[in-house]
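Peer 1: So the sequence shown is numbered by the UniProt record's numbering: it starts at 1 and just counts up by one.
Each residue gets a CB set at the ideal place from its N, CA and C atoms; glycine is no exception.
A quick note: this is a predicted structure, and the numbers were derived from the prediction, not measured.
Please find one structure pasted underneath; my questions will follow.
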Amino acid sequence: MKNKLNACIIDDIDEGKYISRLLKKEFPEFEIDLQTKCILFDSDYFSKNSTDILLVDIHYFDENDLEMLEKLQENDFSIILITESEKSAIQAIKRGFIHYIFKPLKNLDFVLTVNKALEKFRKNRISPFSGFQNKINLPTLQGFKRVNVDEIIRCEADSNYTFIYLSDRSKVMVSKTLCDFEKNLSEYNFFRIHHKHLINLEHLKEYIKGKGGQVVMADNSVLDVSIRKKNEFLHKMA
């Protein structure tokens with residue numbers, strides 16, 4: 001099994017040092033190669049070097065740079081664009097890029113985006129990455145708690161805070177709204193059954209019929225399903 005992943009960082013501003021430090025801190029399994037945008041015009045680089053993920057700061061990119069970057073989407077690695085401009089993000093989406101992060105980089109957004117980009121390996125490469133797990137940082141008053149996404153049983157809203165219930169029976173209070181978690185976890189088989197509850201469907205034990213109904217989770221919590229969400233929930237489960 002492949003124990004290391006290879007990341008290439010393209011950044012003409014500070015040679016990618018900040019991005020590199022953040023990636024190494026959150027994902028120590030990565031080997032990192034720092035490059036400038038000139039590498040886009042080196043036709044041999046990506047054929048000679050094993051790249052699993054490409055992180056690109058597009059702040060100083062012109063049209064020619066973007067065209068060359070667009071061609072790299074045909075490769076087997078995932079590309080994450082880093083930008084401080086909504087206009088640049090819109091242009092990236094129009095060109096088919098789906099992974100991007102806004103500056104200034106925030107740890108939680110960074111970790112979630114990298115994890116989403118790595119889904120490409122889980123779908124297309126069975127053995128090399130079958131042991132690679134999604135990680136997420138849960139910011140706390142003392143720092144942060146780092147967990148696997150599949151350890152999260154459910155998330156419960158409490159005003160501008162969210163309580164995260166984990167499979168080890170612990171509970172973490174995070175100063176982010178449930179909407180933040182819904183947006184970032186929906187691709188990992190999470191579903192919002194109620195304005196207060198976002199659940200990991202992998203930890204669903206039972207559904208109890210009713211006007212909206214109720215679900216029983218792996219931690220034996222019993223949660224209401226809102227009437228508005230009932231049909232969508234049952235359709236997803238079907």
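1) Inspect the CB distances between the region 14–26 and the region 60–76 and report whether three or more fall short of 8 Å.
2) Could you tell me whether any Cβ in chain C is nearer than 8 Å to the Cβ of Tyr188?
3) Please determine, among Lys94, Arg154 and Val172, the residue with the shortest C-alpha to C-alpha distance to Asn220.
4) Less than 7 Å between C-beta atoms, sequence neighbours within five positions excluded: which residues of the same chain meet that for Arg228?
5) Thr36 to Asp12, Cα distance in whole Å?
6) Closest to Leu34 by C-alpha separation, out of Phe46, Asp42 and Gly16, would be which residue?
7) Using only the heavy atoms of the ligand MN, determine whether one of them is closer than 7 Å to the beta carbon of Val225.
8) So within the region 144–224, which uninterrupted alpha helix (DSSP H) runs reach at least 4 residues, ignoring any that extend past its ends?
9) On a CA-only basis, which of Asp158, Glu187, Asn189 and Phe191 is nearest Thr177? Give me that one, please.
Peer 2: Once the coordinates are examined:
1) no
2) The structure shown has no chain C; it contains just one protein chain.
3) One-based indexing of the sequence shown puts residue 220 at position 220. When each option's Cα is compared against that of Asn220, the closest is Arg154.
4) Here residue 228 is taken as the residue at index 228 of the sequence shown, counted from 1. Result list for Arg228: empty, nothing under 7 Å.
5) Numbered from 1 along the sequence shown, position 36 holds the residue referred to as residue 36. Numbered from 1 along the sequence shown, position 12 holds the residue referred to as residue 12. Roughly 5 Å between the two C-alpha positions.
6) Taking the first residue of the sequence shown as position 1, residue 34 is located at position 34. Nearest option by C-alpha distance: Gly16.
7) With respect to the ligand MN, the structure offers nothing, as it holds no ligand at all.
8) 178–185
9) Taking the sequence shown and counting its residues from 1, one reaches residue 177 at position 177. Taking only the C-alpha atoms, the option nearest Thr177 is Asp158.
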